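Chemist: Take this structure first; my questions come after.
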Amino acid sequence: MAKRNLASFLASADAALRKKRTVATVYILLRFSVILVMVAQFFNRNFENVFLCLLTLILLLLPTILERSLKIDLPNTLEIIIMFFIFAAEILGEIRAFYTTFQGWDTMLHTLNGFLCAAIGFSLVDLFNRNERFSLSLSPVFMAIVAFCFSMTIGVLWEFFECTMDQLFLLDMQKDAVVHSISSVMLDPTGGNTPVAIKGITDVIVVAGGEEISLGLGGYLDIGILDTMKDLAVNFVGAVVFSFIGYFYVKSRGKGRFARRFIPQVLEENSSVGTDKAKEKKTGSQE
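In the numbering used here, the protein residues as written are 1 to 287.
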């Protein structure tokens, strides 16, 4: 029964998506591309990537699923960007190795992630603010702060996920960097708390299984901390940018054309239901 309901829900979400021509066109093109990649990966017997393609096909329906479950209307621009983001991260980034081919690919996606998550956070608070079923009323300044905090929280949780996957499955989601100097209190010969620096590092020799292996990287291998800090920094930039945009959008109550492309709207039926229920509660309390 649960599987049948899920299949029915996904089918209805797919049908609802096709009502938006521009969004539907982008969705069909991306889904067709993912299917082609999945078939190629299947014949290459790379079943891990096949699973990743299946996951991508489901994630591409995420905007429409959110619309139906939350009874909101997502702007076409936001839907298209979310779908391109999923495709760029999973298919281009992971399967096509754009993360290593293009140095700025990861940075671009994390910046966009900060922007989108701030938009989503802003939207949630805005929806609560405008729905009488919730006793929540925040000023534009506090809405911007909440949106910023929401975006940064998502960014931190993602870094937790990357670190966990690297430790448990020996992956490299937190990309490494080559540095030429290190400083650590663990190098203090007295066992004190004085950091000892080593500068001008040109190579590192690793001893494993009784063998000495020269990494030949031209420096010391940093295992992810610099990548994490960079990801959080660009996430910060994206969050700040949209928080400012959202602030002025709410301040002018929907007059900003740019912000309107990223902030979902409550469907009139959903909004009226909430208003009617709120009125019933008020009437009941007066009686």
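We put the CB at the ideal spot given by N, CA and C, even for glycine. The model shown is predicted, which means the values in this text are computed figures rather than measured ones.
Within 10 angstroms of the Cβ of glycine 188, are there 16 or more other Cβ atoms? Answer buried if so, exposed if not.
Modeler: Correcting the residue identity first, residue 188 is aspartate in this sequence and not glycine. With fewer than 16 other Cβ atoms within 10 Å, it is exposed.
Chemist: Hey, quick one: how far does the beta strand (DSSP E) through leucine 221 stretch, first residue to last?
Modeler: Run containing leucine 221: 220-222, per the beta strand (DSSP E) assignment.
Chemist: Check each candidate in Pro63, Leu217 and Glu211 and name the one with the smallest Cα separation from alanine 263.
Modeler: A small correction: the amino acid at residue 263 is isoleucine; alanine does not occupy that position in the sequence shown. Checked all of Pro63, Leu217 and Glu211; the closest Cα to isoleucine 263 is Pro63.
Chemist: Quick one, are the C-beta atoms of alanine 147 and phenylalanine 242 less than 9 angstroms apart?
Modeler: Yes, the Cβ-Cβ distance between alanine 147 and phenylalanine 242 is below 9 angstroms.
Chemist: In three-state terms, what does DSSP make of methionine 205?
Modeler: The sequence shown places isoleucine at residue 205, not methionine. The answer is strand: DSSP assigns isoleucine 205 an E or B state.
Chemist: Quickly, what does DSSP pair alanine 197 with across the bridge? List them, please.
Modeler: Per DSSP, Ser183.
Chemist: Can you grab the Cα-Cα spacing for the pair asparagine 113 / aspartate 106, in whole Å?
Modeler: Rounded to the nearest angstrom, the two C-alpha atoms are 10 angstroms apart.
Chemist: Considering only their Cβ atoms, is the gap separating leucine 57 from isoleucine 82 smaller than 9 angstroms?
Modeler: The answer is no: Cβ separation not under 9 angstroms.
Chemist: Measure the C-alpha to C-alpha separation of alanine 239 and glycine 200 and round it to an integer number of angstroms.
Modeler: Straight-line Cα distance between these residues: approximately 37 angstroms.
Chemist: Smallest Cα separation from leucine 74: which of Gly224, Gln167, Ile91 and Ile120?
Modeler: Answer by Cα proximity: Ile120.
Chemist: Considering only residues of the same chain and omitting the five flanking positions on each side of isoleucine 205, which have a CB-CB separation below 8 angstroms?
Modeler: The residues are Glu212, Ile213, Ser214 and Leu215.
Chemist: With serine 139 as the anchor, note down where its alpha helix (DSSP H) starts and where it stops.
Modeler: Premise fails: serine 139 is in no alpha helix (DSSP H) and is neither H nor E.
Chemist: Using the rule of at least 16 other Cβ atoms within 10 Å of the residue's Cβ for burial, across every protein chain shown, is threonine 101 buried or exposed?
Modeler: Label assigned to threonine 101: exposed.
Chemist: According to DSSP, simplified to helix, strand and coil, what is glutamine 103?
Modeler: Here glutamine 103 sits in coil by DSSP.
Chemist: Could you give the distance in angstroms between the alpha-carbon of methionine 173 and the alpha-carbon of leucine 217?
Modeler: Cα to Cα, methionine 173 sits roughly 19 angstroms from leucine 217.
Chemist: Flag this pair as yes or no: are the beta carbons of leucine 140 and valine 250 separated by less than 9 angstroms?
Modeler: It should be noted that the sequence gives proline, not leucine, for residue 140. It is a contact, given that the beta carbons lie within the stated cut-off.
Chemist: From phenylalanine 42 to isoleucine 223, what distance separates their C-alpha atoms?
Modeler: Looking at the two C-alpha atoms, the distance is approximately 32 angstroms.
Chemist: Tell me which same chain residues have a C-beta within less than 6 angstroms of the C-beta of aspartate 231, skipping the five on either side of it?
Modeler: Excluding residues within five positions, the ones whose Cβ falls inside 6 angstroms are His110.
Chemist: Less than 9 angstroms separating the beta-carbons of valine 125 and methionine 143?
Modeler: Yes, they are a contact pair.
Chemist: Compare the Cα-Cα distances from arginine 31 to each of Arg253, Asn44, Leu61 and Phe47 and report the closest residue.
Modeler: Here the closest residue by C-alpha is Leu61.
Chemist: If I measure Cβ to Cβ from glycine 284 and keep anything under 7 angstroms in the same chain, skipping five residues before and after, which residues do I get?
Modeler: Low per-residue confidence applies at glycine 284: pLDDT is 47, beneath 50, and the placement is therefore not dependable, though the value from the model is reported in the following sentence. Cβ neighbours of glycine 284 beyond the five flanking positions: none.
Chemist: Buried or exposed: where does isoleucine 154 fall if 16 or more other Cβ atoms within 10 Å of its Cβ makes it buried?
Modeler: The residue in question, isoleucine 154, is buried, as its Cβ has 16 or more Cβ neighbours within 10 Å.
Chemist: Around the Cβ of leucine 116, are there at least 16 other Cβ atoms within 10 angstroms (buried) or fewer (exposed)?
Modeler: Burial call: buried.
Chemist: What are the start and end residues of the alpha helix (DSSP H) that includes isoleucine 309?
Modeler: Since the first and last residues shown for the chain are 1 and 287, residue 309 lies out of range.
Chemist: Could you compute how far the alpha carbon of glutamine 265 sits from the alpha carbon of phenylalanine 160?
Modeler: Cα to Cα, the separation comes out at about 32 angstroms.
Chemist: So, is phenylalanine 47 buried or exposed, given that buried needs 16 or more other C-beta atoms within 10 angstroms?
Modeler: By the 10 Å Cβ count, phenylalanine 47 comes out exposed.
Chemist: Valine 179: which of Ala97, Ile80, Asn49 and Leu226 sits nearest, CA to CA?
Modeler: Looking at the Cα atoms, Leu226 is the closest of the given residues.
Chemist: Where does the unbroken beta strand (DSSP E) through isoleucine 245 begin, and where does it stop?
Modeler: Looking at the DSSP string, isoleucine 245 is not in any beta strand (DSSP E); the run it does join, the alpha helix (DSSP H), is 225-251.
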